[in-house]
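Step one of this worksheet: look at the structure below.
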Amino acid sequence: MQVLYFGWVKSRIGIGKEELSPPPEVTNVASLIDWLKGRGDSYANAFEDSTALRVAVNQEIAPLDAAIADGDEVAVFPPMTGG
Amino acid sequence: MIRVQTEDFDIGAEISRMTAGNTEIGGLASFVGLVRDYAGDEKISSMTLEHYPGMTEKQLAKLEAEARERWELQDVLIVHRYGTLNPGDRIVLVVTASAHREASLESCQFLIDWLKTKAPFWKLEDRESGAQWVESRNEDSVSADKWVRVTDA
């Protein structure tokens, strides 16, 4: 699973992209984020407030409870600031 | 048409290209977003725009399609820059063209309102006190929400 980070999420984690193989209990974006928080302080810090996070699955805006599977591209980022 | 690029754009050239040979266009509306040199009471020396390659193009194409569905438009152009920009630099261009003014004026405002909250860009300001990510503004969500149709909810 390809996981991407943008904005301050990327700054706090320290990388913009990683290839991950989450355990079987990770079935949606929220459980992916919970699993990532256990990987270190930088993740815990970036994902501290889930209401400040937005996600996309396969480049489409998705809710936190969106189902994900191996092979998906998941992105976690702050609210977008285009224009 | 949508474009995501680091290079600057020439508004006059873009409008000339859009109107060349299309005499059904009776009017067009444009919006240009620029980099300010302040945030609150702090000076900004530059701004770096990051985006999500792939998703950005998809989202902008969706916004164009939505505008064309809602209004009778002859043409639509969205150009959004990324990379490091300086105060005064152009960031974004929206041009809409229609037979009559209402469609182009309204759709231009719609597009820039939705770009603010639906285009995957993030802005890092280089301030006197250090680098700072631009927070999304509640006013932008309010402006975007006013275009939500009851049938979409």
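These protein sequence lines map, in sequence, to chains F and S.
Residue 1 is where the first sequence starts when you use our numbering, and the numbers rise one by one after that.
Residue 84 is where the second sequence starts when you use our numbering, and the numbers rise one by one after that.
Every residue gets a Cβ at the ideal spot worked out from N, C-alpha and C, and that includes glycine.
Of the residues the options, the one placed nearest residue i, counting alpha carbons only
i	options	result
D72 of chain F	F:W8, F:P79, F:Q59	F:Q59
L96 of chain F	F:G83, F:A75, F:E48	In the structure as shown, chain F begins at 1 and stops at 83. Residue 96 of chain F is therefore absent and cannot be evaluated.
E30 of chain F	F:I13, F:D70, F:P63	Looking at the sequence shown, residue 30 of chain F is not Glu but Ala. Of the listed residues, the one whose Cα sits closest to A30 of chain F is F:P63.
M1 of chain F	F:G83, F:V57, F:P78	F:V57
S171 of chain S	S:S219, S:A144, S:M130	Looking at the sequence shown, residue 171 of chain S is not Ser but Gly. Looking at the Cα atoms, S:M130 is the closest of the given residues.
L111 of chain S	S:V231, S:K206, S:F92, S:Q157	S:Q157
S113 of chain S	S:V225, S:E107, S:S224, S:C191	S:C191
L117 of chain S	S:I98, S:L176, S:A103	S:L176
D196 of chain S	S:E185, S:I94, S:Y135, S:K229	S:K229
I61 of chain F	S:G104, S:P136, S:P203	S:P203
Y43 of chain F	F:P24, F:N28, F:I15	F:I15
Three-state secondary structure assigned by DSSP to residue i
i	result
V115 of chain S	strand
R184 of chain S	helix
Y165 of chain S	coil
L53 of chain F	coil
L207 of chain S	strand
K145 of chain S	helix
V175 of chain S	strand
M130 of chain S	strand
I15 of chain F	coil
N28 of chain F	strand
I61 of chain F	strand
E189 of chain S	helix
9 Å Cβ cutoff, residue i in contact with chain F
i	result
P170 of chain S	no
T179 of chain S	no
S190 of chain S	no
A202 of chain S	yes
G166 of chain S	no
V118 of chain S	no
G137 of chain S	yes
E218 of chain S	yes
K126 of chain S	no
Residue environment, residue i, which counts as buried when at least 16 other CB atoms sit within 10 Å
i	result
Q88 of chain S	exposed
T81 of chain F	buried
L4 of chain F	buried
D91 of chain S	exposed
V225 of chain S	exposed
H134 of chain S	buried
R54 of chain F	buried
E147 of chain S	buried
E222 of chain S	exposed
T51 of chain F	exposed
Cutoff 9 Å: residue i Cβ touching any chain S Cβ
i	result
M80 of chain F	yes
A66 of chain F	no
Q2 of chain F	no
A85 of chain F	Here chain F comprises residues numbered 1 to 83, so residue 85 of chain F is not present and cannot be evaluated.
A75 of chain F	yes
S11 of chain F	yes
DSSP bridge partner residues for residue i (one or two, in chain order)
i	result
Y43 of chain F	Answer is none; Y43 of chain F lacks a bridge partner.
D158 of chain S	S:A180
A75 of chain F	F:L4, F:A56
S213 of chain S	A quick correction: the sequence has Gly, not Ser, at residue 213 of chain S. Per DSSP, S:R210.
Q88 of chain S	S:R164
beta-carbon residue i near the ligand NAD non-hydrogen atom, thresh 8 Å
i	result
Y135 of chain S	This structure lacks the ligand NAD, and indeed carries no ligand of any kind.
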